[in-house]
Structures are given as structure tokens and as C-alpha cells.
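Visitor:
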Amino acid sequence: MQAWQVHENGEPSEVMRLHEVERPTPGDGQVLLKVLAANINFPDALMCRGQYQVRPPLPFTPGVEICGETEDGRRVIANPALPYGGFAEYAVADAAAVLPAPESLDDAEAAALHIGYQTGWFGLHRRARLEAGETLLVHAAAGGVGSAAVQLGKAAGATVIGVVGGADKAAIARELGCDVVIDRRSEDVVAAVKEATDGRGADVIYDPVGGEAYAQSAKVVAFEGRIVVVGFASGTIPSPGLNHALVKNYSILGLHWGLYNTKNPKLVLHCHEQLAELAARGAIKPLVSERVPLSGAAAAVQRVADGVTTGRVAVVPALENGAAA
Numbered sequence: 001m002q003a004w005q006v007h008e009n010g011e012p013s014e015v016m017r018l019h020e021v022e023r024p025t026p027g028d029g030q031v032l033l034k035v036l037a038a039n040i041n042f043p044d045a046l047m048c049r050g051q052y053q054v055r056p057p058l059p060f061t062p063g064v065e066i067c068g069e070t071e072d073g074r075r076v077i078a079n080p081a082l083p084y085g086g087f088a089e090y091a092v093a094d095a096a097a098v099l100p101a102p103e104s105l106d107d108a109e110a111a112a113l114h115i116g117y118q119t120g121w122f123g124l125h126r127r128a129r130l131e132a133g134e135t136l137l138v139h140a141a142a143g144g145v146g147s148a149a150v151q152l153g154k155a156a157g158a159t160v161i162g163v164v165g166g167a168d169k170a171a172i173a174r175e176l177g178c179d180v181v182i183d184r185r186s187e188d189v190v191a192a193v194k195e196a197t198d199g200r201g202a203d204v205i206y207d208p209v210g211g212e213a214y215a216q217s218a219k220v221v222a223f224e225g226r227i228v229v230v231g232f233a234s235g236t237i238p239s240p241g242l243n244h245a246l247v248k249n250y251s252i253l254g255l256h257w258g259l260y261n262t263k264n265p266k267l268v269l270h271c272h273e274q275l276a277e278l279a280a281r282g283a284i285k286p287l288v289s290e291r292v293p294l295s296g297a298a299a300a301v302q303r304v305a306d307g308v309t310t311g312r313v314a315v316v317p318a319l320e321n322g323a324a325a
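Written out as C-alpha cells, the structure is:
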């Protein structure tokens with residue numbers, strides 16, 4: 001089979017190489033999956049660079065989120081068991097963590113439902129306890145993680161403010177349902193949020209960016225507000241002032257979704273059921289902005305790493321032969 005492999009750490013476009021390799025053999029408790037679609041996540045780029053908290057042994061195949069087909073014909077979504085990741089024709093996954101793919105979504109959409117939406121659901125509902133009528137501020141609202149949070153916030157009855165970088169991304173954020181869109185490249189984020197909330201600020205802030213975005217969050221978080229720290233796409237990990245959190249009476253919440261797979265896997269299944277129900281009634285639908293063939297995976301991972309994409313980019317092996325996604 002064909003599979004992308006990383007033999008040394010560096011930028012995805014430089015270190016990902018497409019090889020002809022043996023089909024992986026599942027270990028105990030694992031299943032072999034034919035990859036129907038593999039969603040690209042920012043951690044794929046970080047793993048290529050050797051900067052992610054999980055460092056698979058070299059060589060490895062990136063791709064941490066797929067929609068696949070089991071040997072008995074079931075369509076499922078899963079996180080592949082590295083080093084046999086999803087940017088390949090076949091991957092392996094732990095059988096206990098395989099979830100049914102929602103019938104309401106196509107392969108690429110189903111692949112994109114898992115990590116970003118699970119992270120959003122746990123961040124907004126389990127950690128921040130978002131309530132209907134509250135104001136939710138989402139940084140990088142047109143990106144893969146942010147777009148999921150926007151849709152989940154709207155589905156929960158929140159007023160959603162989306163922060164984006166550029167006019168094209170602002171248009172995407174409006175299509176996703178943001179009530180207010182702020183272009184950080186042309187607007188003062190802090191002033192715009194205060195104006196939109198009559199000076200009160202945002203009850204919940206969803207931050208996958210870090211750096212300057214976090215500094216802005218601390219200035220616009222409301223009384224008893226909650227800042228959910230999801231990641232650091234900016235490359236800068238902020239050092240929050242705990243005295244500031246005390247004086248303004250707000251919470252800083254960390255969200256590492258992967259821990260739930262080991263600490264409380266039943267909650268992951270419950271979350272998936274909630275997401276499948278929302279997808280079935282059209283309340284959420286992953287924004288897949290691009291579907292690329294397997295041969296285009298390295299370039300696509302680099303685009304995600306460079307922050308120039310919107311929504312989700314999916315690798316669809318069948319496109320190599322001109323088949324429909």
C-alpha cells in the first residue's frame with residue numbers, strides 16, 4: 001500500500017515522503033481500517049516537527065483522525081494507533097475506541113467530526129459549562145478547531161463572537177453562524193468585544209491560539225467568565241497572571257481531550273452520541289473546505305501548519321483514482 005512516512009523531524013512539506021510499504025498488521029485489541037478519509041489536524045504538523053507531546057518513533061505515518069471501513073464493511077471514525085497513521089491507504093486503530101460514523105455525514109465530514117468537535121464539546125460543556133444566553137468568544141473561528149466551537153456554541157444557544165485573521169476568514173465565520181465577527185488584522189479585538197457586549201465581556205472564551213489571543217482574552221473575559229485553553233497555534237505559550245484572574249474573578253481551564261480516552265472513555269462515547277444527534281438534525285456540520293488525494297497530503301499538511309486554510313482539509317485516497325469523495 002501507499003503511505004506517507006516521516007523519517008526525520010522538520011517541516012511537513014520537507015520531511016513527509018510517500019512510500020510503498022507493507023500493509024500494517026493489527027496487534028491485540030486492534031482493527032485494520034481501509035482509510036476513506038483522513039482529516040488534517042495541527043498536531044500532525046507538530047508531530048512532523050517533533051514538537052507535539054506525543055512523539056511516535058521514526059519512521060511514522062502522520063494522520064490522527066480518520067473515517068475508515070472495517071474488514072466486515074462497517075464505516076467508522078477513529079484515531080489511528082501510531083506509528084500507523086491515517087495518511088495512508090490502510091491504518092490500524094484500537095478496537096475499543098472505534099466509533100460509528102454518522103450516516104448524515106460523508107466520509108470527509110465524518111473524519112472531521114472527531115477530535116475538533118469532541119474537543120469543542122468537552123471544552124464548552126464539560127469544562128466551561130456554557131449556558132444558553134451566554135456570550136462565547138472563539139479565537140481562530142474560521143479554522144478547524146474554531147469552526148467546530150462556533151457551531152457547538154450556536155447549537156447550545158449562545159451568542160457567538162468570532163475572531164479571525166483576514167476578510168476571507170471573516171466571510172467563513174459569518175457563514176458558520178457567528179453573531180459578531182472581528183477581523184484582528186483590521187480591528188482592535190479588545191475594543192470590538194467590549195463594544196459588542198456593552199462592556200461586559202465574554203462569558204466563555206475558547207482559545208486554540210495562545211500568545212496575543214490569550215492576552216486579549218484576559219482583557220475581555222466577563223465577571224465569573226471562563227477561558228478555555230485548547231492549544232497554542234500561535235507558537236507562543238502565555239504565562240497568565242494569576243493575580244489578574246483573582247482580581248477579575250474568572251477561571252482559566254485547560255482542556256486536553258486525549259486524556260478522556262484513558263481517564264473516562266465512557267464520556268467520549270457519550271460525547272460522540274451527542275455529536276451524532278446534533279449532526280443528524282443539522283445543528284452541526286463539519287466545514288470541509290478542501291478534499292485532496294493521497295498524493296497531496298504533504299502539501300496540505302504544510303498549508304494547515306502555515307495557517308492559511310479554513311475549516312478542515314481532508315485527505316481522500318479514492319480521489320487518486322478519480323472516485324467521488
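Take the sequence shown: its letter number 257 is residue 257 in the UniProt record's numbering, and every next letter is one higher.
From the three backbone atoms N, C-alpha and C, an ideal C-beta is built for every residue, glycine too.
Remember, it's a predicted structure, so these values are computed and weren't measured experimentally.
#1: Once you ignore the five residues that flank A192 on each side, which residues in its own chain have a CB closer than 6 Å to its CB?
#2: Could you tell me the alpha carbon to alpha carbon distance between residue 365 and Y90, rounded to whole angstroms?
#3: Would you call the region 96-110 and the region 249-258 in contact, with 3 or more CB pairs under 8 Å?
#4: Using the DSSP secondary-structure output, state which residues sit across from T135 in a beta bridge.
#5: By the DSSP assignment, the alpha helix (DSSP H) with A110 in it spans what residues?
#6: Could you check which residue in V15, V160 and Y250 has the C-alpha nearest to that of A45?
#7: Can you tell which of R312, E320 and I172 has the C-alpha that lies nearest to the C-alpha of G144?
#8: What is the rounded straight-line gap between the Cα of I227 and the Cα of G210?
#9: Alpha carbons only, please: which of G10, A140 and G68 is nearest the one belonging to P317?
#10: Could you check the C-alpha separation between Y214 and A280 for me, to the nearest Å?
#11: Taking only runs that begin and end inside the region 232-265, name each unbroken alpha helix (DSSP H) of 4 or more residues, in chain order.
#12: Checking 8 Å against the spacing of the C-beta atoms, do G120 and L152 come in under that value?
#13: Any contact between the region 71-87 and the region 24-39? By contact I mean 3 or more CB pairs, one from each, below 8 Å.
#14: State buried or exposed for K169, treating a residue as buried only when at least 16 other CB atoms are found within 10 Å of its CB.
#15: Just the Cα atoms here: how many angstroms apart are A149 and R55?
#16: Please check the pair V288 and A300, which I expect to be a contact at CB under 8 Å, by giving their CB distance rounded to whole angstroms.
#17: Give a yes or no on whether the C-beta atoms belonging to L32 and V76 are separated by under 8 Å.
#18: Tell me whether the beta-carbon of N79 lies closer than 8 Å to the beta-carbon of G50.
#19: Taking the alpha-carbon of E11 as reference, which of L319, V304, T310 and T309 has the nearest alpha-carbon?
#20: Exposed or buried, G157, counting other C-beta atoms within 10 Å across all chains shown (16 or more means buried)?
#21: Secondary structure at I182, three-state DSSP: helix, strand or coil?
#22: Tell me the residue span of the beta strand (DSSP E) that contains Y206.
#23: Can you tell which of Q30, G123 and K219 has its C-alpha closest to the C-alpha of A245?
#24: Looking at the C-beta of T236, does it have a partner C-beta in chain D at a distance below 8 Å?
#25: Does the beta-carbon of P57 have 16 or more other beta-carbons within 10 angstroms, so that it is buried, or is it exposed?
#26: Output needed for A325: all residues of its chain with C-beta closer than 8 Å, excluding positions within five of it in sequence on either side, in chain order.
#27: Are A222 and D203 touching if we call contact CB-CB under 8 Å?
#28: Using the C-alpha atoms, what's the distance from G123 back to C271?
#29: Starting from the N-terminal side, write out each stretch of the alpha helix (DSSP H) that is 4 residues or longer and does not extend beyond the region 32-56.
#30: With 16 other CB atoms within 10 Å as the buried threshold, where does H7 fall?
#31: By DSSP, does residue 404 sit in helix, in strand, or in coil?
#32: Using the rule of at least 16 other Cβ atoms within 10 Å of the residue's Cβ for burial, across every protein chain shown, is L242 buried or exposed?
#33: Quick check: A196 and S13, are their CB atoms within less than 8 Å of each other?
#34: Using a Cβ-Cβ cut-off of 7 Å (strictly less than) and excluding sequence neighbours within five positions of V35, which residues of its own chain qualify?
Guide: This is what the structure holds:
#1: For this step, residue 192 is matched to residue 192 along the sequence shown. So the list reads I182, once near-sequence residues are dropped.
#2: Nothing about residue 365 can be read from this structure; the chain reaches only from 1 to 325.
#3: no
#4: Locating residue 135 in the sequence shown gives position 135, counting from the first residue. T159, per the DSSP bridge assignment.
#5: On the sequence shown, residue 110 is found 110 positions in, with the first residue counted as 1. Element bounds for A110: D107 to A111.
#6: Position 45 of the sequence shown holds residue 45. Minimum Cα distance to A45 is reached at V15.
#7: Here residue 144 corresponds to residue number 144 of the sequence shown, with the count starting at 1. Among R312, E320 and I172, the Cα nearest to that of G144 is on R312.
#8: Taking the first residue of the sequence shown as position 1, residue 227 is located at position 227. Taking the first residue of the sequence shown as position 1, residue 210 is located at position 210. Distance between the alpha carbons of I227 and G210: 11 Å.
#9: Position 317 of the sequence shown, counted from the start, is the residue given in the question as residue 317. Looking at the Cα atoms, G68 is the closest of the given residues.
#10: Locating residue 214 in the sequence shown gives position 214, where the first residue counts as 1. Locating residue 280 in the sequence shown gives position 280, where the first residue counts as 1. Roughly 34 Å separates the two Cα atoms.
#11: 242-248 and 258-263
#12: For this step, residue 120 is matched to residue 120 along the sequence shown. For this step, residue 152 is matched to residue 152 along the sequence shown. Yes. Within cutoff.
#13: yes
#14: For the purposes of this step, residue 169 is taken as residue 169 along the sequence shown, with counting starting at 1. Counting of Cβ neighbours within 10 angstroms places K169 among the buried residues, the total reaching 16 or more.
#15: Start at 1 with the first residue of the sequence shown, and residue 149 comes out as number 149. Start at 1 with the first residue of the sequence shown, and residue 55 comes out as number 55. Roughly 27 Å separates the two Cα atoms.
#16: As a working note, residue 288 is residue 288 in the sequence shown. As a working note, residue 300 is residue 300 in the sequence shown. Taking 8 Å as the upper bound for CB-CB distance, V288 and A300 are not in contact here, some 12 Å apart.
#17: Here residue 32 is taken as the residue at index 32 of the sequence shown, counted from 1. Here residue 76 is taken as the residue at index 76 of the sequence shown, counted from 1. Cβ distance not < 8 Å, so L32 and V76 don't count as in contact.
#18: Your numbering for residue 79 matches position 79 in the sequence shown. Your numbering for residue 50 matches position 50 in the sequence shown. Not a contact, by the Cβ cut-off of 8 Å.
#19: For the purposes of this step, residue 11 is taken as residue 11 along the sequence shown, with counting starting at 1. Of the listed residues, the one whose Cα sits closest to E11 is V304.
#20: Numbered from its first residue, the sequence shown carries residue 157 at position 157. Exposed, because fewer than 16 other Cβ atoms sit within 10 Å of the Cβ of G157.
#21: In the sequence shown, counting from the first residue as 1, residue 182 sits at position 182. Strand at I182.
#22: What you label residue 206 is simply residue 206 of the sequence shown in a count that begins at 1. Looking at the DSSP string, the run of the beta strand (DSSP E) that includes Y206 is A202 to D207.
#23: Within the sequence shown, residue 245 is the residue found at index 245, counting from 1. Nearest of Q30, G123 and K219 to A245, Cα basis: K219.
#24: No chain D appears in the structure shown, which is made up of a single protein chain.
#25: Locating residue 57 in the sequence shown gives position 57, where the first residue counts as 1. So P57 counts as exposed.
#26: Stepping through the sequence shown from its first residue, residue 325 is reached at position 325. Because A325 sits at a pLDDT of 43, beneath the cut-off of 50, its placement in the model cannot be relied upon, and the following sentence gives the value as read from the coordinates. Counting only Cβ-Cβ distances below 8 Å, and skipping sequence neighbours, we find A37, D106, D107, A108, R291, A314, V316, A318 and L319.
#27: As a working note, residue 222 is residue 222 in the sequence shown. As a working note, residue 203 is residue 203 in the sequence shown. Result yes, Cβ atoms of A222 and D203 sit closer than 8 Å.
#28: As a working note, residue 271 is residue 271 in the sequence shown. As a working note, residue 123 is residue 123 in the sequence shown. Using only the alpha carbons, I get a separation of about 11 Å.
#29: 42-49
#30: Position 7 of the sequence shown, counting from 1, holds the residue named residue 7. Burial call: exposed.
#31: It is not possible to answer for residue 404, since the shown part of the chain is limited to 1 through 325.
#32: Here residue 242 is taken as the residue at index 242 of the sequence shown, counted from 1. Per the 10 Å Cβ criterion, exposed.
#33: Sequence index remark: in the sequence shown, residue 196 carries index 196 (1-based). Sequence index remark: in the sequence shown, residue 13 carries index 13 (1-based). Their beta carbons are not under 8 Å apart, which means A196 does not touch S13 by this criterion.
#34: The count along the sequence shown starts at 1 and reaches residue 35 at position 35. Within the same chain, V35 has close Cβ partners I66, G68, G86, A88, E89, Y90, A91 and P317.
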